[in-house]
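First residue of the first sequence: 1, per UniProt numbering; consecutive thereafter.
For every residue, glycine included, the Cβ atom is placed at its ideal position computed from N, Cα and C.
Notes to accompany the following structure.
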Amino acid sequence: MAAPEAELVLKWEREQARLRESVKEEDTEDWQRSPDFSGLKRVGGVDLSFIKGDDINACAHLVVLTYPHMKVLYEDCKMVTLNAPYVAGFLGFREAPPLLQALEKLKNVQPNLMPQVLFVDGNGLFHYREFGLACHLGVLSDLPCVGVAKNLLHVEGVVRSEEHQSQINALQKSGDSFPLATTSGRVLGKALRSSHSSIKPVYVSVGHRITLDTAVRLTHTCCLYRVPEPIRQVTIATRSSLYPSQRITAVTWIKYVSSPDGGSAPRKDLYSPERQRRPGQLE
DNA sequence: GCGACAG
DNA sequence: ATCTTGTCGC
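Structure (structure tokens):
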């Protein structure tokens, strides 16, 4: 891909600054104030995936899972053609349009399944101009959104330094986190150790209509593994659509980890009885 | 100045 | 973002 044109980047920056004013960094929903998120029934995840060698055509996926049991309620997939290139810091202009279309379709065909919060593969306020993809989707859909990035974006003052690595090493158990603060001291996100089995954190930030602490707490309760289930499930779904050969593996994983909402008991080897845990949570 | 830089 | 095979450990 050719270098992004300066003119386009300037236009995008102005648009981000304009939309940034609409981001709500507060808990606007009753369930967000509840200690166990009672009232929260549906969580969503969105993602795009690509075929190797083709960065124009993508598969856009939306899934809706039950909370807290993380059972897939709805799954939608559509092949789309993207108009914008990938430029770090401007993911929203590339990925938001088809994902918003998927939400719009859901509103038309199954409005009762609309998720109460959306997990987004990428950052929210933890972003160069405090307007990552999760904010972009949040503002344009007006849905509560949480950004979860698997890799660290190098925002001002936050880099993969030895200091950062030592903070990661200090995350002892699942649920531990540390703030991601800019040079000016503003906390834009948190690094969260989301599972006992992985030392590598995920980077959680506010997308829209949620506080950072609520976002981190919610993310943790959605994690059976490192990546929160809504994002993990949507990633499995998108990749299965593009690479059917991987479907067998994916289905096996789903069968293995999901706990039936009202049905039979969860697998014993995944849920050791002696320890108290949140529903659907491995550790 | 150059490189780094979510997906 | 994207592919792949095996391998180690609980």
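>> Can you confirm whether the segment 205-217 touches the segment 52-62 when touching is taken to mean that 3 or more C-beta pairs between the two stretches lie within less than 8 Å?
In response: no
> Can you tell which of THR183, SER184 and SER166 has the C-alpha that lies nearest to the C-alpha of ALA191?
Replying inline: SER166
> Which residues in the same chain have their Cβ closer than 7 Å to the Cβ of TYR128, if we skip the five residues on either side of it in sequence?
Replying inline: GLY89 and VAL155
> Taking contact to mean at least 3 C-beta pairs separated by less than 8 Å, is the segment 133-145 in contact with the segment 156-176?
Replying inline: no
>> Comparing C-alpha positions only, which one of ALA96, LYS107 and ASP176 sits nearest to ARG226?
In response: ASP176
> Given that a residue counts as buried once 16 or more other Cβ atoms are within 10 Å of its Cβ, and exposed if not, what is ASP47?
Replying inline: buried
> If you compare alpha carbons, which of ILE210, ARG193 and VAL146 is closest to SER34?
Replying inline: ILE210
> Near TYR74, which residues of its chain fall below 8 Å by C-beta distance, leaving aside the five closest residues on each side in sequence?
Replying inline: LEU62, VAL63, VAL64, LEU106, GLN110 and LEU113
>> Within a Cβ cutoff of 7 Å, which residues of the same chain sit near GLU95, ignoring the five residues on either side of it in sequence?
In response: LEU48 and LEU133
> According to DSSP, is HIS127 helix, strand or coil?
Replying inline: coil
>> Going by beta-carbon coordinates alone, are VAL43 and GLN233 separated by less than 8 Å?
In response: no
>> In the DSSP assignment, the alpha helix (DSSP H) including SER195 goes from what residue to what residue?
In response: First-last for SER195: undefined, no H or E at that position.
>> Can you find the residues in the same chain that come closer than 7 Å, C-beta to C-beta, to GLY122, ignoring five residues on each side of it along the sequence?
In response: LEU91, GLY132, LEU133, ALA134, GLY147 and ALA149
>> Between TYR139 and LEU19, how many whole angstroms is the CB-CB distance? I'm expecting something under 8 Å.
In response: For the record, residue 139 in the displayed sequence is Val; it is not Tyr. With a Cβ gap of about 5 Å, VAL139 and LEU19 count as contacting.
> Can you round the beta-carbon distance between VAL187 and LEU212 to whole angstroms, since I take them to be within the 8 Å contact cut?
Replying inline: 7 Å
> Quick one, which of SER197, VAL9, ARG14 and LEU118 has its alpha-carbon nearest TYR67's?
Replying inline: LEU118
> For GLN116, which option in LEU125, LEU100, LEU143 and ALA102 has the closest C-alpha, if you only look at C-alpha atoms?
Replying inline: LEU143
> Which one of LEU10, LYS11, LYS24 and GLN16 has the shortest CA to CA distance from GLY207?
Replying inline: LYS24
>> Once DSSP output is grouped into helix, strand and coil, what is the label at THR219?
In response: helix
> In terms of DSSP beta bridges, what is residue 312 paired with?
Replying inline: Any answer about residue 312 is impossible in this case: the structure gives the chain only from 1 up to 283.
> Would you report the Cα separation of ASN151 and LEU224, rounded to the nearest angstrom?
Replying inline: 19 Å
> In or out: ALA102 buried (at least 16 other Cβ within 10 Å) or exposed?
Replying inline: buried
>> Just to confirm the assignment, what range does the alpha helix (DSSP H) spanning ILE51 have?
In response: That residue, ILE51, is in no alpha helix (DSSP H); its beta strand (DSSP E) goes 42-51.
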